[in-house]
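K.L.:
After the structure tokens below, expect a handful of questions from me.
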């Protein structure tokens, strides 16, 4: 079967219609804002939270690793990775902390936005029409009068 012929002009029109939809533009702005927000969160973790964690213990998780070979004798991650395989769990822990902070901050932002949005009162259920009331009564009468077999 041959594919239908599609003109370049119609494809460009379809792409333009897709690209200019509100959701796509909103998504583009969200990605840009998200990238900027990521830098803010990284700074928050690196410059504010990790020094506080450092009061209790070491604030630098990035050099924590588990050597997976007897050849690894280095004490820092970069040199250890050159010597052999290592499980760099400190970097992973840092990313987990970053994620939890981002998730918590986004939770607070969404919660604040929802509080400021106008809340609509719950809609009352629609009043049944006279015809619906009559049909409901007929149904109920038939249900009571018809024996169940």
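In this note's numbering, the protein residues as written are 53 to 201. All C-beta atoms, glycine included, are put in the ideal place defined by N, C-alpha and C. No experiment lies behind these values; they were computed from the predicted model shown.
Roughly how many angstroms lie between the CA atoms of residue 122 and residue 135, to the nearest whole one?
P.N.:
Answer to the nearest angstrom: the Cα atoms are 10 Å apart.
K.L.:
Write down the C-beta distance between residue 153 and residue 97 rounded to the nearest angstrom, noting that I regard them as a contact closer than 8 Å.
P.N.:
The pair is a contact, with the Cβ atoms about 6 Å apart (cut-off 8 Å).
K.L.:
Take the Cβ of residue 87 as the centre, count every other Cβ of all protein chains shown within 10 Å, and call the residue buried at 16 or more, exposed below.
P.N.:
By the 10 Å Cβ count, residue 87 comes out exposed.
K.L.:
Apply the 10 Å Cβ neighbour rule to residue 155 and answer buried if 16 or more other Cβ atoms are within range, or exposed otherwise.
P.N.:
With fewer than 16 other Cβ atoms within 10 Å, it is exposed.
K.L.:
Residue 138 by DSSP, collapsed to three states: which one?
P.N.:
It is a strand residue.
K.L.:
Residue 139 and residue 120 - do their beta-carbons sit closer together than 8 Å?
P.N.:
Result yes, Cβ atoms of residue 120 and residue 139 sit closer than 8 Å.
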